[in-house]
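Counting from 13, one number per residue, gives the positions in the sequence shown under the numbering used here.
The beta-carbon is built from N, C-alpha and C at its ideal position, and this holds for glycine as well.
Have a look at the structure below before the remarks.
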Amino acid sequence: MITWQTILDAKNISRSDCERFDQDDPLAEYRSQFSLPPGLIYLDGNSLGALPKSTPSRIQHVIEHEWGNRLIASWNESDWFHAQKRVGEKIAPLLGAEPNEVIVSDSTSVNLYKLLVSALLLQHARSENQRRVILSDTSNFPTDIYIAQSACRCVKNSEVVQVSPESLIDAINEETAVVFLSHVDFKSGALSDMSGITQAAHDAGALVLWDVAHSAGALELRFNEWNVDLAVGCGYKYLNGGPGAPSFIFAAERHLASLDQPLTGWFGHHAPFEFTYEFKPADGIERFQAGTPSILSLASLETAMDLWRTVSINDVRVKSLALSELMLKLTREMLHEFGVTTTTPTSAEKRGSHVALHHSEGFAIVQAAIAKGVIGDFRPPDLMRFGIAPLYVGYADTWDAVDTLRQVCKEECWNDPRFQTRSEVT
Ligand SMILES: *Cc1c(COP(=O)(O)O)cnc(C)c1O
């Protein structure tokens, strides 16, 4: 199999070399399982994964048969009632978790709130209110920080502290309730040391909460081997669950019985259909459910997870790193003269699965590339992001993408006002 080392060692890589790499690719068969418009190079699977070909007919069946014909009977007949648990069980292998430790529900933002409040309450109780800090870094995704601040507004005496990624480990102390980080930096694509940081947090008596929005489905996670306490991830990025697909929660079995999540809706009740006024949480991971889920979104995510069943996540990681190595190498060779530089770590083990390039006209370059059929995105102040989803992105695609960026730079696209107009979503 082609590895990042193969790419790094190669002298000159031509487009025909890339076609040869595509022929040797053990994941090549998966591309035909996605519905992608011909001629489009889609490098934004880290924001919204592509559509599996099996999804539309599945959704149509849920709408026409389960909803249309069987109506409310489908809560039992099609087991809609346990769909969040069932889909969680299908995600668990990608996380290195047990099936009873993962559940799908709500959005990433909402799930972060549930877990952060649970972690603060647990640590308050264990430490006589000494452990009161949510410790994060200054490169975490903004919604993660907004939610942490909100959790602290609701749990007395708690506080969010953000430090630079480099000083994080030294900042963990006897006040730290929970170390809360994103596994992959959403801007630079830098990968954190989940195992090492988790160990350091535990040594200091803190819990960890990892946001794996940019790593679930991109690389192998070993939550139980690494003793991860809590985690949240995204259904619509590398997992391909569809726009707004629900998120998943991981809570290690050892903590489940002591986690008191704040959104105590009836789906998290021990016996919702007894309709009592006393809230008694479900024994297991089901306690993290809140209310009635979107069955259509769950069906879409479940169909995508059925596609993942046969995928080797090790192959995904090997190919992802080879492709990011290729993109970085070609960028140095073909784009450097136009002032494009690379922001993503050069050493493979420190990378997630997207490549971030830097140029002062980054916004216009991304827009012009989109107009030529290469989809990436932009993050301020001037980063161009290109996501690598190894199930449907190949080597020749990557070569063509960099070649397109080269044309765009050569044509000085930033002088064209069409490419300077900012829509609300970038
Ligand atoms: C994509 C992403 C989110 C998105 O949260 P939503 O609630 O789905 O909008 C949150 N955190 C990180 C780190 C992300 O990458």
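Going by the C-beta, is residue i closer than 8 Å to any heavy atom of ligand 1?
i	result
Cys164	no
His282	no
Lys199	no
Val122	yes
His226	yes
Thr438	no
Thr276	no
Asp389	no
Asp156	yes
Ser204	no
Asn252	no
Lys126	no
Phe262	no
Asp223	yes
Asn88	no
Phe153	yes
Ser309	no
Ser117	no
Ser59	yes
Is the beta carbon of residue i less than 9 Å from the beta carbon of residue j?
i	j	result
Glu186	Gln142	yes
Ile377	Phe291	no
Ala160	Ser148	yes
Tyr54	Val405	yes
Thr416	Leu342	no
Leu219	Ser332	no
Val367	Arg397	yes
Thr150	Val244	no
Gly296	Leu268	yes
Lys199	Gly57	no
Leu233	His195	yes
Val167	Leu127	no
Glu373	Asp394	yes
Gly217	Ala316	no
Val116	Gln96	yes
Ala360	Cys30	no
Pro402	Leu39	yes
Pro255	Leu60	yes
Ile307	Trp16	no
Gly201	Ser47	no
Ala189	Val145	yes
Are there 16 or more other CB atoms within 10 angstroms of the CB of residue i, so buried, or fewer, so exposed?
i	result
Ala225	buried
Leu83	exposed
Tyr289	exposed
Asp241	buried
Phe287	exposed
Arg299	buried
Pro429	exposed
Ile19	buried
Phe285	exposed
Val437	exposed
Met13	exposed
Asp215	exposed
Met78	The residue you asked about is not Met; residue 78 is Glu in the sequence shown. Buried, because 16 or more other Cβ atoms sit within 10 Å of the Cβ of Glu78.
His371	buried
Ser176	exposed
Chain C beta carbons: is any one of them nearer than 9 Å to that of residue i?
i	result
Arg144	Included in the structure is just one protein chain, with no chain C present.
Quiz item: What residue ranges within the region 14-79 form continuous beta strand (DSSP E) runs of no fewer than 3 residues, ordered along the chain?
Solution: none
Quiz item: If you scan the region 215-277 from start to end, which runs of the beta strand (DSSP E) of 3 or more residues do you find wholly inside it?
Solution: DSSP runs (the beta strand (DSSP E)) wholly in the region 215-277: 219-223, 242-245 and 260-263.
Quiz item: Of all the beta strand (DSSP E) runs that stay within the bounds of the region 351-375, which reach a length of 3 or more residues?
Solution: 366-370
Quiz prompt | Every unbroken alpha helix (DSSP H) inside the region 146-178 [4 residues or more] | solution = Listed in chain order, they are 154-166.
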